[in-house]
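Going by this note's numbering, the first residue of the sequence shown is number 18, and it counts up by one from there.
Glycine included, C-beta positions come from ideal geometry on N, C-alpha and C.
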Amino acid sequence: MNEVTYLICPYVKALRTMSQKTAMDLEHPVAEKPRRFIFVLLPNFTMLSFSGALECLRLANFMSGQTLYTWQLVSETSEPVKCSAGVNFPVDSGLDELGRDDTILLCGGLDIKSTTSTKLLNWLRREARRGAVVGGICTAPHVMAKAGLLDGRRATIHWANQDGFIEEFDNVELTRSVFVMDQKRLTAAGGTAAIDLMLSLISDQHGTELAAAVADQLIYSSIRASKDVQRLSVPSRIGVRHPKLSQVVERMEENIEDPISPSVLAEDVGMSTRQLERLFRRYLNRSPKRYYMELRLQRARNLLMQTDMSVINVALACGFASPSHFSKCYRSQYETTPYRERGTVGGSRD
18 MNEVTYLICP
28 YVKALRTMSQ
38 KTAMDLEHPV
48 AEKPRRFIFV
58 LLPNFTMLSF
68 SGALECLRLA
78 NFMSGQTLYT
88 WQLVSETSEP
98 VKCSAGVNFP
108 VDSGLDELGR
118 DDTILLCGGL
128 DIKSTTSTKL
138 LNWLRREARR
148 GAVVGGICTA
158 PHVMAKAGLL
168 DGRRATIHWA
178 NQDGFIEEFD
188 NVELTRSVFV
198 MDQKRLTAAG
208 GTAAIDLMLS
218 LISDQHGTEL
228 AAAVADQLIY
238 SSIRASKDVQ
248 RLSVPSRIGV
258 RHPKLSQVVE
268 RMEENIEDPI
278 SPSVLAEDVG
288 MSTRQLERLF
298 RRYLNRSPKR
308 YYMELRLQRA
318 RNLLMQTDMS
328 VINVALACGF
338 ASPSHFSKCY
348 RSQYETTPYR
358 ERGTVGGSRD
């Protein structure tokens, strides 16, 4: 044994003893049967969401000293799947028949529409009919909605995909929550929201003490509830803490299809139009009209990339009365036309 090993060994031994003691202190009844999670890796899935969800299950087992959860990685083709970061993940199997008590967790990411195959949809419908819990993280709720599994239910999806989702699935009650649990349907917005979802499941199934212990191991100091929203507040996003400016920006974001004139926006917050102009120039370096236009064009770009809506309908949904005016404004902002933008992304990038 060299000197370095000799010095480190007592520390490692103490750390293991502390971990074992923590696990024994979490007194929960022995699970009759481990709950199995089936992680369906879709091409270009987001690694952070997947790894966060999986690590919660591993730590729940470790901290409890029991095998509370098992898991399996699957893909549609049984072949390894490349995540959005370019890393290949081997899988255990393809889309086989599952047990009634299994939980399916679809892991989505980029180009979600192109990964939504008929085979995958039919498999999901069959397993849902047989009683499986079905969940989706990041952009995967789109697949669930396409399969009809979210009809009449509450759900969420990553905020960048909400515009397209709302237009395509008007029979789903879409929220801006971090995650949603609606009976046997689970949806999480992506990123660290997958951790919040899993911690909530662990808490429901094995107690808040174990969920807190898992969060501590992750150094996850602020566990969010389903009522928490995804995005930062308006002041945090625009980097300005001016209450009246925040109110106006929020009103703009909520009224894209039917834009409100600057004079009405100013009146609503007790200012003159000139004062509102100065406020926007000072803090955002653009006029209210320009800022509003950028918001509308960003919404239009999302719809072009995420839906199959015609360019004319996209224009109308973003408050443009004329397709020619829409095209002119779009070219000025993005240096390409809406038609070319759609041709570039194939109308399927989420």
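When DSSP assignments are scanned along the segment 295-340, the uninterrupted stretches of alpha helix (DSSP H) that are 4 or more residues long and fall wholly within it turn out to be 305-323, 328-334. Here E190 has R171 as same chain residues with Cβ atoms under 6 Å from its own Cβ, once five neighbours each way along the sequence are excluded. Look at R258 here: in three-state DSSP terms it is coil, with no helix or strand label. The Cβ atoms of H159 and G125 lie closer than 8 Å to each other. For L203, the closest of R193, D180, P97, G152 by C-alpha to C-alpha distance is G152. Between G181 and Q323, the CB-CB gap stays under 8 Å. In the DSSP annotation of this structure, the continuous segment of the alpha helix (DSSP H) that includes R146 starts and ends at 135-146.
Here the alpha carbons of Q350 and R146 stand approximately 47 Å from one another. Between the C-alpha atoms of S92 and R117 there is a straight-line separation of about 19 Å. Boundaries of the beta strand (DSSP E) harbouring C124: 120-124, taken from the DSSP string.
Look at the beta carbons and you see the segment 293-312 not touching the segment 103-117: under three pairs across the two are nearer than 8 Å. Taking a contact as a CB-CB distance under 8 Å, the pair S66 and A211 counts as one, their CB atoms being some 4 Å apart. Judged by beta-carbon spacing, A334 lies within the 8 Å limit of E274, meaning their Cβ atoms are closer than that value. Annotation note: the segment 143-190 contains the following uninterrupted alpha helix (DSSP H) runs of length 4 or greater, listed N- to C-terminal: 158-163, 179-185.
DSSP places T87 in the uninterrupted beta strand (DSSP E) bounded by 86-91.
Cα atoms of P305 and R258: separation of roughly 17 Å, rounded to the nearest angstrom. Per DSSP, the unbroken alpha helix (DSSP H) holding I219 starts and ends at 210-223. Taking all protein chains shown into account, Y356 has fewer than 16 neighbouring C-beta atoms within 10 Å of its C-beta and is therefore exposed. Only buried fits K130, as 16 or more other CB atoms lie within 10 angstroms of its CB. According to DSSP, residue pairing for K99 in a beta bridge involves N105. With 16 or more neighbouring CB atoms inside 10 Å of its own CB, V195 falls in the buried class. Judged by DSSP in its simplified three-state form, L59 adopts coil rather than helix or strand.
Pairing T120 with R53, the inter-Cα distance amounts to about 6 Å. Relative to L115, the option among T132, L141, L166 whose CA is nearest is L141. A straight-line Cα-Cα distance of about 6 Å links K261 and V286.
The beta carbon of P51 sits closer than 8 Å to the beta carbons of T84, L85, Y86, T87 from its chain, once the five residues preceding and following it are set aside; these are given in chain order.
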